[in-house]
Amino acid sequence: MQTQRPRQRQMPRQGRRPARRAWQPPRQPRTASALAALRALAPAALPRPTAKRALDLLLGSALLLLAAPVLAAAALAVAVVRRPGGVLTRSPRTGLAGRPFVLRSLSTRRLRLDRLSRLPHVVRGELSLVGPEPLAPGDERGAAAGARDWRRELKPGLTGLAQVRHRSTMPWDEADLLDQHYAEHHRIALDLAILAEAVHTPVRRAVRGLTRHGQACLSDTDHRLPNYSAAE
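Below, the structure written as structure tokens:
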């Protein structure tokens, strides 16, 4: 009587995948495109907060809260007058890394509130408190040789070095050089100095205007000394 030898269990060959069970879903090959799609679905890393962004967020939010009643009253006044174009003016601008955005501001240039009305852009991160002037898409200043790099690496600002040092006789290329100088040497101390100058300049102009207006109201007789005679 022949004895049956027990069957030896065959081990899977090295490098050979084991057979798929009936309950297992089919495996899909992990190609490079599939891995790239998975990386695209993964949440992007948040940018590291910088001191400049912290200043924009804290000071910009505080200024927006303080200016909110004034801006609301100005918007109501513009709505009552019903100027053509509405309460807000909308203009396309180019921001950080060349990303376009729509710049909204109140139509109140006489009251000097158009820049304050752009504070929501600072809080959202589209503008900075201090930076180069926001340019429209296709502006020749943004397409100049060498300007494309530093303008893409820096957010446009609510005010800037060119704005506080601007003169009516200053050509646009000189103002552009001031913006480039700020882009190459910007730091928090310079931002604070520019913000202080941006506040001091309109206050000084307002005081000068009041002084000149008061002097214009005086007549020649107001400056004459007692017992003065024109015949003398």
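Just so we're on the same page, this note's numbering is the position in the sequence shown counted from 1, plus 4.
For each residue, glycine too, the CB sits at the ideal point set by N, CA and C.
So, under 8 Å CB-CB, residue i and residue j are touching, yes? Tell me the CB distance rounded to an integer number of Å.
i                 : j              : result
glutamate 137     : glycine 102    : Between glycine 102 and glutamate 137 the Cβ distance is about 15 Å, and since that is not below 8 Å, they are no contact.
leucine 68        : arginine 97    : That belief does not hold up - the Cβ atoms of leucine 68 and arginine 97 are roughly 19 Å apart, past 8 Å.
alanine 83        : threonine 112  : Their Cβ separation, rounded to whole angstroms, is 11 Å, which puts alanine 83 and threonine 112 out of contact at 8 Å.
valine 74         : leucine 117    : 7 Å
phenylalanine 105 : glutamate 130  : 5 Å
alanine 55        : isoleucine 192 : 5 Å
When we look at the beta-carbon of residue i and count the other beta-carbons within 10 Å, is it buried (16 or more) or exposed?
i              : result
aspartate 195  : buried
aspartate 153  : exposed
glycine 90     : exposed
isoleucine 198 : buried
glycine 99     : buried
alanine 76     : exposed
histidine 190  : buried
leucine 80     : exposed
leucine 181    : exposed
alanine 49     : Residue confidence is low: alanine 49 scores 48 on pLDDT, short of 50, so the model does not pin down where it sits. Its coordinate-derived value is still stated next. By the 10 Å Cβ count, alanine 49 comes out exposed.
Kindly indicate which three-state DSSP category residue i falls into: helix, strand or coil?
i            : result
valine 237   : Absent from the structure is residue 237, since the part of the chain shown begins at 5 and ends at 236.
proline 104  : strand
leucine 162  : strand
leucine 139  : strand
leucine 133  : strand
arginine 119 : coil
serine 65    : helix
arginine 145 : coil
arginine 191 : coil
arginine 169 : coil
Only counting the same chain, and skipping five residues up and downstream in sequence, which positions put a Cβ closer than 6 Å to that of residue i?
i            : result
glycine 161  : Ser132, Val134, Gly135
arginine 108 : Leu92, Arg94
arginine 156 : Ala101, Gly102
glycine 146  : Leu139, Arg155
Got a sec? Which residues, its chain only, sit under 7 Å from residue i by beta carbon, not counting five neighbours each side?
i             : result
alanine 2     : Summary: the structure shown does not reach residue 2, with the chain confined to residues 5 through 236, and so no result is reported for it.
alanine 187   : Pro136, Trp154, Leu158
histidine 185 : Leu165
proline 141   : Pro96, Thr98, Pro104
aspartate 183 : Pro136, Glu137, Gly164, Leu165, Ala166
Going by beta carbon distance, what residues of the same chain come within less than 8 Å of residue i, once the five residues before and after it are set aside?
i           : result
alanine 202 : Thr163, Gln167, Val168
Any contact of the stretch 58-65 with the stretch 123-130, i.e. 3+ C-beta pairs under 8 Å? Counting Cβ pairs under 8 Å, three or more are found: they touch.
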